[in-house]
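Note that the protein sequences, when read in sequence, are chains Z and R.
Note that the numbering used here has the first sequence beginning at 1, numbered continuously upward.
Note that the numbering used here has the second sequence beginning at 1, numbered continuously upward.
Even for Gly, the Cβ is constructed at its ideal location relative to N, Cα and C.
Quick caveat, the model's predicted, so the values are computed rather than measured.
Each remark here refers to the structure printed beneath this line.
There are 2 protein chains.
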Amino acid sequence: MRPSLIEIAERAGVSTATVSRALNDRPGVNAETRERILRIAREIGYAANSAARGLATSRTFTLGCINYRRDPQPISSYHVQIVEGIDHEARQHGYHVITTFVDAADMADAAQLSLIAEQRVDGLILVGPALKPSFIIQLRNSHIPLVLIDNLLEETDIDAVVCDNVGGTYRVTRHLLETHGLRRLVFLSGPAHWFSSRERRQGYEKAMREAGQEPCVVYMPDTTVNTGQAATLEALERHPDLEGIVAVNDATALGAIRASKKRGRHIPADLAVVGFDNVTWGPLHDPPLTTVRMFKYEMGIEAARRLMDMIERGPLPSFVLRLSTEVIVRESCGCKSSDETHYDDYGS
Amino acid sequence: MRPSLIEIAERAGVSTATVSRALNDRPGVNAETRERILRIAREIGYAANSAARGLATSRTFTLGCINYRRDPQPISSYHVQIVEGIDHEARQHGYHVITTFVDAADMADAAQLSLIAEQRVDGLILVGPALKPSFIIQLRNSHIPLVLIDNLLEETDIDAVVCDNVGGTYRVTRHLLETHGLRRLVFLSGPAHWFSSRERRQGYEKAMREAGQEPCVVYMPDTTVNTGQAATLEALERHPDLEGIVAVNDATALGAIRASKKRGRHIPADLAVVGFDNVTWGPLHDPPLTTVRMFKYEMGIEAARRLMDMIERGPLPSFVLRLSTEVIVRESCGCKSSDETHYDDYGS
DNA sequence: AAGCTGATTGCAAGCGCTTACGATAGACTT
DNA sequence: AAGTCTATCGTAAGCGCTTGCAATCAGCTT
C-alpha cells in the first residue's frame, strides 16, 4: 500500500486539506507548515494517486497520441521520432502519453474511442497526413483539445504543427534546376487529398514555373517503395528524356532509384532523385539520398507543448506552427558528399 | 458532461449498484433488467469514467511500456513494431498503453518513475537489451507485474519474452559455413553484458566449433553503424584473410559492409556479411541484407498478453517465452535473391 | 402457516484526493 | 474597546464508481 495524503496529514499533525494545498503549491499555507509537509512527503516517498486526483479534478495529466497503423508497414521511423518528442516534452511537464495506433476500421467511429469516452486523456495529438478528415472532425466535435501533426484541415480551425513542405520541396527542386542544371523533372505525388503531398507539389510547381518549366505530376495511390518504383517505371516509359525525379517522400524516392537501376539508368548520372523526410536509412543508401529534413522530434515537442497550453489555459486563438525544413544534400542529386558522414547522427 | 452511472440508474429506475453489476457482467441481476440497462447505456453512449473506476478498484487497465531512449538515435524501427504489437493486444482486451522513453539518467532511480508512484499502470513492459539490470531490479522490487522484451535477467525470475537468438545466429552462421563454404568468420558483438549479444555470440560459437573452426569475437561498446564500421576496419586489418562477418545486428552489419567497401572489398564476393533483426531497410540495401528475422510485433503481443494475465490472475509461475527466428536469405551472404521482392512486406 | 431458500435489488460506505466555506486567532483600525 | 482584516487551517462534501451487507419477495418445504 502506497502512502496516502492521510498518512502525511497525521505525521504532520494537520488536515489533509492543508497537505493538499501544500503539495499543490496553493496559497494559504504557512511557510513552516509547508516545509514540514514537503519534507515528510519526500521522506515517505509520497506521490498522489492519479485516479483519485483525476476523479477530484477531472484532469488526467495524460495526453493521447493517435497514429495511423498502415498496412503494410511503412519503411520509416517517422512515428517513433514524433512520439519521442511528445513523450519528452510531456514528461517535462508532468504529463504522460498514451500512444495508440488506429487502423482504417477504427477511424470509422471516433465515439468508440475509449481514450475519450472513458476520459482517459486531457487532450489528443493526431499524427500523420493519412488520418481521415471525417475522423478528425468527429474527434473535434467531442470538444477535447486537439493538435494535428503533419496534417492540416484547412477549412477548420484545428490546431496543427506542420513543416514547411512548400519551401522544402521548392528549395530541393531549385537545387536540381540550378546547381545541376536539370530541366525535365517530374514530381511523384501521394494522393491529392493528403495534406503534405499537396503542399510539396506546390513547392515543386513553384520552382518549375519560376524556371520556365512545365510541371509534370504523377499521382500515386500511396507512398510506398513499390508504388514509387511502379510510378517511376511508367514515367520513364512516357518521358525517356527525364532528367530528375522529385519524390514526395524518401520511400518513393527509393522506389524511383530502384526503378531506374532496373532500366539501366545510373543514379545520379542518368537521373537525379531527391526525397523528403530524411529517414534514417537515407545516408546509408547507395547512393546516399538527397532529401529534405523535417524536424520530427521537434514537431512532437511543439505539438505537446501547444496541447498542454490549451489544456491548462482553455480555448486559445487558433494556431498553426510551421517548422522550417532543411535540404540535406547527399549524392542522389548528383553532388559529392563527404565520406566522413556520421551515419547515426541523422534521423531526427 | 458525459453521462454517468446515475443517469442510467434513473432512466432504468434502478440503483447505481444494479447498473454497475449489469455493466460489469456480474451475477445477481435479472436478465430483463440487465437487458434494459445495457440498452440505455448504449443509447446514451455511456462509458465508465476511468478515474472513478480506478479509484474504486485500484485497477487502471493501463500498461506501461518503457523503452530506452538511445542517444544517438538507432537506425531501426525496432521500438515501433514492438509497441504496435503491445498496443494492439492491449486494446483487444480493453487496456491502454502509456509508452515512454527513458534515458540513462532516468534509469538511476526507478522510485521516481511516476508511472508507478502515481499508480498509473497495472503492469510494466520493459523493452530492449540496453536497460540497466539495476533499474529493472528496482522496478521488480516495487512488486508491480513486469515483463521484459528482448532481455533476460538470468539470476532472477522476472518474466521475459525473447527470441531464439542462439538458434538464429547458429543457423545463419551455418549458412555461411555450409552453403557458401566459408571458414574464417568473425562475430561482431555488442557489449558482453547485453543479453542478446551474449546469446547470439553463443549461436555463432556453436556453429563455428561444430565446423571445427576457432571462433573469433570482436566486442564493441555499442551496436551502431559507425561502431560496426570501425570494428570491421580493424578486423580486416588484423585478419586480411577474413571471409565473412556475422554481425550482432543489422546496423553493425551495415557498418561492416561500408567498411569493406571502403577497403575495396566487394560484398559478397570478397566478404560475406549477415546481420540480425531484419530491419525494414534491409531488403532495400545494396546488396540486400541477409539477416535473421525476429518477430518483434509478435513479441509485443505475447508480452502484453502475459502481462495482462499476471495482472488478472495474480502471481504465476515464472515464465520465459522464446519466439522462433527465421533466417532471411538475401544477397549479402552470397546468395542470389529474387528480383521480385516486395519491399514493403518486410519489417515485422 | 411458519420457516427457509435463492434470486434480485437497494443502501451506504469508501476509494484518495480537492476545494468551497467556515472557524479561529492575532494584528490592526478607529 | 469593539470592530475589521488577513493569514492559516479544519470541516465536510463530493468526484463516479464498486461492493459488502441487508432487505425484500416469491416459491418451497415441512
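Query: Alpha-carbon spacing of Z/S20 relative to R/S318, whole angstroms; Result: 41 Å
Query: Meets three-Cβ-pair contact criterion under 8 Å: the segment 169–189 of chain Z and the segment 138–146 of chain Z; Result: no
Query: Cβ-Cβ distance between R/L63 and R/L307 below 8 Å; Result: yes
Query: According to DSSP, residues forming a beta bridge with R/V161; Result: R/I149 and R/L321
Query: Residues of the segment 31–50 of chain R with Cβ closer than 9 Å to any Cβ of chain Z, in chain order; Result: G45, Y46, A47, A48, N49 and S50
Query: 6 Å CB neighbourhood of Z/G347 in its chain, flanking five on each side removed; Result: Below a pLDDT of 50, predicted positions are generally treated as unreliable, and Z/G347, at 31, falls in that range; the measurement from the model is reported next regardless. Only T280 meet the Cβ criterion.
Query: Which of helix, strand or coil DSSP assigns to Z/S20; Result: helix
Query: Cα-Cα separation, R/S15 to R/A9; Result: 5 Å
Query: Members of the segment 84–102 of chain R that neighbour chain Z once the beta carbon cut-off is set at 8 Å; Result: E84, D87, H88, R91, G94, H96, V97, I98, T99, T100 and F101
Query: Identified DSSP bridge partners for R/H175; Result: Per DSSP, none; premise fails for R/H175.
Query: Rounded separation between R/A37 and Z/D106 - CA only; Result: The residue you asked about is not Ala; residue 37 of chain R is Ile in the sequence shown. Each residue's alpha carbon lies about 26 Å from the other.
Query: beta-carbon R/A253 near the ligand FAD non-hydrogen atom, thresh 7 Å; Result: Ligands are entirely absent from the displayed structure, and the ligand FAD is therefore not among its contents.
Query: Length of the line joining the Cα atoms of Z/K296 and Z/T33; Result: 45 Å
Query: Beta strand (DSSP E) segment containing R/N278, residue limits; Result: Per DSSP, R/N278 belongs to no beta strand (DSSP E) and is neither H nor E.
Query: For R/T99: DSSP bridge partner residues; Result: R/C65
Query: Residues bridged to Z/V292 (per DSSP); Result: Z/V327
Query: Neighbour list for R/L271 in chain Z, Cβ cutoff strictly below 7 Å; Result: Simply none; closest approach about 16 Å.
Query: Beta carbon proximity, Z/D344 to chain R, threshold 8 Å; Result: At Z/D344, the pLDDT of 37 sits below 50, so the modelled position is not reliable; the number obtained from the coordinates is stated separately. Answer yes: the Cβ-Cβ gap between Z/D344 and chain R drops below 8 Å somewhere.
Query: Span of the beta strand (DSSP E), counted from its first residue to its last, around R/I125; Result: G123 to V127
Query: Chain-ordered neighbours of Z/S114 on chain R, where CB pairs are closer than 7 Å; Result: A47
Query: Own chain, CB closer than 7 Å to Z/H342, minus 5 neighbours either side, in chain order; Result: In this predicted model, Z/H342 has a pLDDT of only 43, less than 50, meaning its place in the structure is not dependable; the value taken from the coordinates is given anyway. So the list is empty, once near-sequence residues are dropped.
Query: Among R/S114, R/E155, R/C163 and R/Y204, the one whose alpha carbon lies nearest that of Z/Y46; Result: R/S114
Query: Cβ-based contacts, 9 Å cut-off: residues of the segment 232–259 of chain Z near chain R; Result: A251, L254, G255 and R258
Query: Short CB-CB distance (under 8 Å) between Z/S77 and chain R; Result: yes
Query: Within the segment 205–231 of chain R, ranges of the beta strand (DSSP E) (whole runs, at least 3 residues); Result: 217–219
Query: C-beta atoms of Z/V166 and Z/V186 nearer than 8 Å; Result: no
Query: Chain R residues whose Cβ lies nearer than 8 Å to that of Z/D159; Result: Residues of chain R passing the Cβ test: none, with the nearest at roughly 23 Å.
Query: First through last residue of the beta strand (DSSP E) which encompasses Z/I267; Result: First-last for Z/I267: undefined, no H or E at that position.
Query: Among Z/L182, Z/D109 and Z/R198, nearest to Z/L153 - alpha-carbon criterion; Result: Z/R198
Query: Residues in the segment 270–297 of chain Z having any Cβ partner in chain R nearer than 7 Å; Result: T280, W281, L284 and D286
Query: Terminal residues of the beta strand (DSSP E) in which Z/A247 lies; Result: G244 to A247
Query: Span separating the alpha-carbon of R/I267 from that of R/A211; Result: 23 Å
Query: Under 8 Å by beta carbon: chain R residues contacting Z/R2; Result: A117 and Q119
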